[in-house]
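Scroll down for the structure; my scribbles are underneath it.
2 protein chains.
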Amino acid sequence: MIDKVLLGHGSGGALMADLLKNVVFAAFPDVQPTDGALADVPAGMRLVFTTDSFVVKPLFFPGGDIGRLAVNGTVNDLAMMGAEPALISCGLIIEEGFALDDLRWICASMSRAAMEAGARIVTGDTKVVGHGEADSIFINTSGIGYAQPVYGFSPDRVKAGDVIIVNGGLGEHGIAVMAGRLGVSFAPELPSDSAPLWPQVKALLGAGIVPGVMRDITRGGLGSVAAELAAGLPLDYHLREACLPVDARVAKACDIWGFDPLYVASEGRFLLSVGPAQVEETLRLLGPAAASIGEVSAGTGRVFLHTTVGGVRPVRPLPGEMLPRIC
Amino acid sequence: MIDKVLLGHGSGGALMADLLKNVVFAAFPDVQPTDGALADVPAGMRLVFTTDSFVVKPLFFPGGDIGRLAVNGTVNDLAMMGAEPALISCGLIIEEGFALDDLRWICASMSRAAMEAGARIVTGDTKVVGHGEADSIFINTSGIGYAQPVYGFSPDRVKAGDVIIVNGGLGEHGIAVMAGRLGVSFAPELPSDSAPLWPQVKALLGAGIVPGVMRDITRGGLGSVAAELAAGLPLDYHLREACLPVDARVAKACDIWGFDPLYVASEGRFLLSVGPAQVEETLRLLGPAAASIGEVSAGTGRVFLHTTVGGVRPVRPLPGEMLPRIC
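Top line first, the protein sequences correspond to chains A and B. Just so we're aligned, residue 82 is where the first sequence starts under my numbering, counting upward by one. Just so we're aligned, residue 82 is where the second sequence starts under my numbering, counting upward by one.
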């Protein structure tokens with residue numbers, strides 16, 4: 082019995098047909114054996130299109146796996162554009178010798194994550210490369226979402242006086258992956274925050290709250306995201322260290338490993354800006370983990386961290402990589 | 082000066098911003114630095130969604146490169162569904178140390194190929210993995226096309242009596258890549274057949290020719306594609322060896338390397354079935370390289386090759402891989 086992926090599984094021949102039938106189509110009932118998927122666009126909707134590749138290491142970590150991450154990542158890119166996630170594609174690049182059981186697990190995980198987000202995996206592609214030519218498995222997900230015609234979030238819609246909110250604790254995904262990679266664990270366990278953001282965004286938009294900007298906090302963490310949003314605009318972002326939601330385990334791990342939680346990635350968190358009058362309602366809709374973490378003033382495109390001891394330091398994007406391959 | 086891709090180029094930080102600005106956005110002017118691309122769907126159109134990853138080796142070969150292949154592959158999946166290619170995504174997974182000049186070349190090649198096909202590259206993602214964790218570069222392209230509501234090609238729309246046509250010589254892509262890999266060359270050079278198929282499909286549909294099925298001939302070659310199309314249907318496909326368009330260089334290379342041209346991949350060829358009354362017009366529209374290569378009869382889902390010496394042999398999908406990593 083074959084229990085590993087062979088080069089021939091990527092061939093377009095009979096072995097590949099077996100793999101598709103027994104693994105891929107079994108997990109993704111909406112994928113047809115055609116060159117693509119056909120769909121009707123709901124009347125009055127605009128389309129949002131996004132893509133993301135995932136190379137996380139290890140593949141399985143507390144609170145998730147590469148499959149769940151791959152679906153949520155693309156779902157969240159759509160949600161940040163104000164679009165309801167609808168159709169997802171799955172592009173697999175697999176190293177020869179990869180365990181078929183792990184592949185089944187990952188596909189099942191993708192299928193569950195899509196269902197949770199209200200999206201369907203409708204088209205896919207599978208390639209196999211030789212042993213040593215890839216590190217186990219890489220996954221690309223692309224996504225199509227449908228946005229209301231009223232759509233329009235953009236860094237330049239943020240106004241002086243707007244309040245900055247995040248929907249939950251920072252850096253939990255990055256630290257969970259790092260712990261998985263190093264084989265250490267926390268008590269109680271610290272799960273990745275990987276989650277679909279559309280339900281929260283839908284609740285906000287449904288309540289008539291239209292953020293100036295929304296951005297998921299992934300690679301580079303809050304610090305890089307804020308720096309990117311402020312850059313080039315006549316605005317400064319002010320972050321209040323005392324208000325940043327950082328789990329005690331994340332804080333401790335950062336102390337020990339020498340990371341700054343401001344730059345550690347999340348995969349189920351986002352930053353948004355709202356007018357002062359909408360802060361209370363926004364926090365209520367986002368739930369108890371959300372926090373108001375600062376505000377925007379007129380300025381010159383800078384980000385400042387107002388520290389707990391009363392200092393002010395500039396927040397700049399990291400030049401390079403603090404935690405490689407966390408997504 | 083940095084002339085290679087560093088791990089930090091995939092970080093979400095300042096190095097990544099540089100890479101995006103100087104390489105990716107420079108090549109793809111339609112890509113915005115947001116989480117996705119927004120588009121209006123033309124009224125009355127249905128959407129087709131497809132994805133494909135490319136791991137070809139070598140990256141550059143006679144007549145093309147991985148970038149051109151990646152765009153044409155997705156354009157062709159859309160064309161085979163009768164959809165006009167509109168929006169393309171570009172997901173890059175790059176090995177640390179990859180030459181920035183090669184990346185620039187590949188992105189420029191993608192941009193040109195998209196333009197040739199009338200499509201736009203509108204969204205992207207870039208990941209970097211460590212040295213030895215991937216083989217130079219892998220590219221995912223996903224695509225959205227717009228199909229007329231009259232759409233509907235499917236293997237079960239093929240009828241007994243239909244004629245099978247291909248639009249050009251078989252196996253030229255596979256042999257060109259193999260020659261590139263082995264460092265051998267032909268005189269005159271044999272270029273890959275990689276090309277966008279939409280112009281030919283558009284011409285057919287515009288002339289009122291609606292094929293029963295269209296399928297691009299990629300991995301597994303004509304033999305695997307025909308076997309897949311016939312499987313499970315009350316039809317047999319009959320291929321006439323004497324009618325198969327095989328370039329003399331492809332035939333000779335297959336002889337020497339032990340390949341069967343029936344199973345060597347193309348990247349700009351497709352098989353289609355039309356009723357006997359439409360054969361002449363179809364061949365005229367597809368141009369002088371096209372050929373009528375056989376016909377369909379009532380049967381039991383089999384494919385037969387009628388050989389030049391008067392024999393008949395069954396054509397089955399290959400179990401595994403004859404030429405790995407040709408796309």
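Glycine included, every Cβ here is placed at the ideal spot set by N, Cα and C. A quick note: this is a predicted structure, and the numbers were derived from the prediction, not measured.
Please report the residue range of the beta strand (DSSP E) in which residue i lies.
i: Lys-208/B; result: 201–210
i: Asn-103/B; result: Run containing Asn-103/B: none; DSSP gives neither H nor E here.
i: Ile-83/A; result: Note, Ile-83/A: premise wrong, no beta strand (DSSP E); not H, not E.
i: Thr-132/B; result: 127–135
i: Val-393/A; result: 393–395
Have a look at the DSSP bridge pairing and note the partners of residue i.
i: Ile-283/A; result: It is worth fixing the name first, because residue 283/A is Lys in this sequence and not Ile. Lys-283/A pairs with nothing; no bridge assigned.
i: Cys-188/A; result: Note: Cys-188/A sits in no beta bridge, so no partner.
i: Cys-171/B; result: Gly-205/B and Thr-222/B
i: Arg-296/A; result: Leu-352/A
Please state whether DSSP places residue i in a helix, a strand or coil.
i: Glu-376/A; result: strand
i: Phe-179/A; result: coil
i: Ala-346/B; result: coil
i: Asp-158/B; result: helix
i: Ala-323/B; result: helix
i: Val-355/B; result: strand
i: Glu-165/A; result: strand
i: Leu-366/A; result: helix
i: Ala-215/A; result: strand
i: Ala-118/A; result: strand
i: Ala-228/A; result: strand
i: Leu-148/A; result: Before going further, note that residue 148/A is Gly rather than Leu in the sequence given. Of the three classes helix, strand and coil, the one that applies to Gly-148/A here is helix, per DSSP.
List, in chain order, every chain A residue whose beta-carbon is nearer than 7 angstroms to that of residue i.
i: Gly-250/B; result: Under the 7 angstroms cutoff, chain A gives no residues; its nearest Cβ is about 19 angstroms from Gly-250/B.
i: Glu-214/B; result: Asp-216
i: Phe-130/B; result: Gly-117, Ala-118, Ala-120, Leu-168, Ser-170, Val-203, Thr-204 and Ile-225
i: Thr-77/B; result: Outside the shown range of chain B, which is 82 to 408, sits residue 77/B, and nothing can be said about it.
i: Arg-406/B; result: Val-210
At what residues does the alpha helix (DSSP H) containing residue i begin and finish?
i: Leu-386/A; result: Segment 384–387 is the beta strand (DSSP E) holding Leu-386/A; no alpha helix (DSSP H) there.
i: Gly-304/A; result: 302–311
i: Ile-337/B; result: 329–338
i: Leu-314/A; result: No alpha helix (DSSP H) contains Leu-314/A, which DSSP labels as neither H nor E.
Who are the neighbours of residue i on chain B, taking C-beta pairs under 7 angstroms?
i: Pro-400/A; result: Gly-89, Gly-94, Ala-95 and Leu-96
i: Ala-241/A; result: In chain order: nothing, as chain B lies at least about 22 angstroms away.
i: Ser-305/A; result: Gly-93 and Gly-94
i: Met-259/A; result: Residues of chain B passing the Cβ test: none, with the nearest at roughly 15 angstroms.
i: Asp-158/A; result: Asp-116 and Gly-117
i: Phe-141/A; result: Simply none; closest approach about 17 angstroms.
Quick one: list the residues of chain A neighbouring residue i, beta-carbon separation under 9 angstroms, in chain order.
i: Val-136/B; result: Gly-91, Ile-174, Lys-208, Val-209, Val-210, Glu-214 and Ala-215
i: Asn-153/B; result: The premise fails here: Asn-153/B is roughly 13 angstroms from chain A at the closest Cβ pair, so nothing lies under 9 angstroms.
i: Met-161/B; result: Thr-115, Asp-116 and Gly-117
i: Arg-350/B; result: Simply none; closest approach about 14 angstroms.
i: Phe-109/B; result: Within 9 angstroms Cβ-Cβ: nothing; Phe-109/B doesn't reach chain A, min ~12 angstroms.
Residues of chain B with CB closer than 8 angstroms to the CB of residue i, please, in chain order.
i: Leu-320/A; result: Per Cβ cutoff of 8 angstroms: no residues; Leu-320/A is ~17 angstroms from chain B at best.
i: Asp-133/A; result: Gly-172 and Asp-206
Identify the contact partners of residue i in chain A, using a Cβ-Cβ distance below 8 angstroms as the criterion.
i: Phe-340/B; result: Correct list: empty, because the minimum Cβ distance to chain A is about 13 angstroms.
i: Ala-228/B; result: Leu-119
i: Arg-127/B; result: Leu-119, Ala-120, Asp-121 and Val-122
Given that residue i touches chain B, what residues does it touch there, using C-beta distances under 9 angstroms?
i: Asn-103/A; result: By Cβ distance, chain B contributes nothing, its closest Cβ being about 15 angstroms from Asn-103/A, past 9 angstroms.
task: Go through the region 233–285 of chain B residue by residue and report every complete run of the alpha helix (DSSP H) that reaches 4 residues or more, in order.
output: 253–263
query: Taking any Cβ of chain D, which residues in the region 175–209 of chain B have a Cβ under 7 angstroms from it, in chain order?
result: The structure shown contains no chain D; its protein chains are A and B.
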